[in-house]
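K.L.:
If you want our numbering, it's the position in the sequence shown, counting the first as 1, plus 19. Beta carbons: idealized from backbone N, C-alpha and C, even for Gly. Keep in mind the model is a prediction, meaning the values are calculated, not measured. Here it is, the structure in full.
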Amino acid sequence: MIKTNNQNQVSKGLELPVMEHFYTIQGEGANSGKPAYFVRLGGCDVGCTWCDVKESWSFDAHPNYSIETILNWVLESKAPNVVITGGEPSLYNLEPLTFAFKKHNIKTWIETSGTNEITGVWDWICFSPKKFKQPVLSSFEKAQELKVIVANKHDLAWGQELAQKVNKDCKFYFQPEWEKSKKTLPLVIEFVKQNPNWNISLQTHKFMQIP
Ligand code: SF4
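Below, the structure written as structure tokens:
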């Protein structure tokens, strides 16, 4: 296992800080129910109040791993898909990592707030903007899935504003915030019944009690 702290290698995207990694089932959004290897990068500057991975926020707490090491984790698991999440993965140069996966025919998926230019080659870009930090414009152009977390009624209106800015092929999902879902799920159900171009995303991995 290779662990270093070489910031130069990180800026080139040859090493990346990883908080955790595991093979599981994608629980949310358009790829819900499909097997995927999750690589959670460390570091986030978005600061969502309801974030359930606050331990990912620190930029110093997570060891850097080489692209080869990360690739080998996924190859050994035999996962057909990889999800790069965070933290906020758009903070990093993801070209070398995604090129390495593509060479091995592994499908590359990202979950991002889109607050920085999304780099790399992606089979699926899940763009989940947050009110706490503005996304960059290019994220609206690149998104294949717009996933808006619903913590209150206003988030439904905000999501519709965002939907007007994304590209025409993008799919729309409202996802009730887990802790508030008793209150927000009925709102989302009613909204989607009235607006069938929107879909519901649930955190099904939490029901399955898997990571
Ligand atoms: S962007 Fe993601 S990791 Fe960062 S604070 Fe928000 S939910 Fe947490």
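Give me the residue from G62, G66, T43 and K190 with the minimum Cα distance to Y56.
P.N.:
Answer by Cα proximity: T43.
K.L.:
Using a 10 Å radius around the Cβ and a threshold of 16 neighbouring Cβ atoms, would you call N216 buried or exposed?
P.N.:
Its Cβ having fewer than 16 others within 10 Å, N216 is exposed.
K.L.:
Can you give the beta carbon distance from L165 to V185, rounded, assuming they're within the 8 Å contact cut?
P.N.:
Yes, L165 and V185 are in contact; Cβ-Cβ is about 5 Å, under 8 Å.
K.L.:
For the stretch 107-181, which segments carrying the beta strand (DSSP E) assignment without a break, of at least 3 residues, lie completely within its bounds, in sequence order?
P.N.:
List check, beta strand (DSSP E) in window: 126-131, 143-146 and 164-169.
K.L.:
With three or more beta-carbon pairs closer than 8 Å as the criterion, would you say the stretch 171-186 touches the stretch 38-54?
P.N.:
Output reads no: the stretch 38-54 does not touch the stretch 171-186.
K.L.:
Is there contact here, the stretch 116-126 with the stretch 83-98, by at least three beta-carbon pairs under 8 Å?
P.N.:
The stretch 116-126, when compared against the stretch 83-98, does touch it at the 8 Å Cβ threshold.
K.L.:
Report the CB separation of I129 from N100 in whole angstroms; it is logged as a contact under 8 Å.
P.N.:
The Cβ separation is near 11 Å, so there is no contact.
K.L.:
Rounded to whole angstroms, what's the CA-CA distance from V102 to D71? Just pull it up for me.
P.N.:
Rounded to the nearest angstrom, the two C-alpha atoms are 17 Å apart.
K.L.:
Using CA atoms only, rank isn't needed, just tell me which of W197, E198, K161 and K199 is closest to A182.
P.N.:
For the residues W197, E198, K161 and K199, the minimum Cα distance to A182 belongs to K161.
K.L.:
Indicate the three-state DSSP secondary structure (helix, strand or coil) for A49 in the structure shown.
P.N.:
DSSP places A49 in helix when its eight states are reduced to three.
K.L.:
Consider the C-beta atom of K184 and the heavy atoms of ligand 1; say whether any pair is separated by less than 8 Å.
P.N.:
No, since every heavy atom of ligand 1 falls outside the 8 Å radius drawn around the Cβ of K184.
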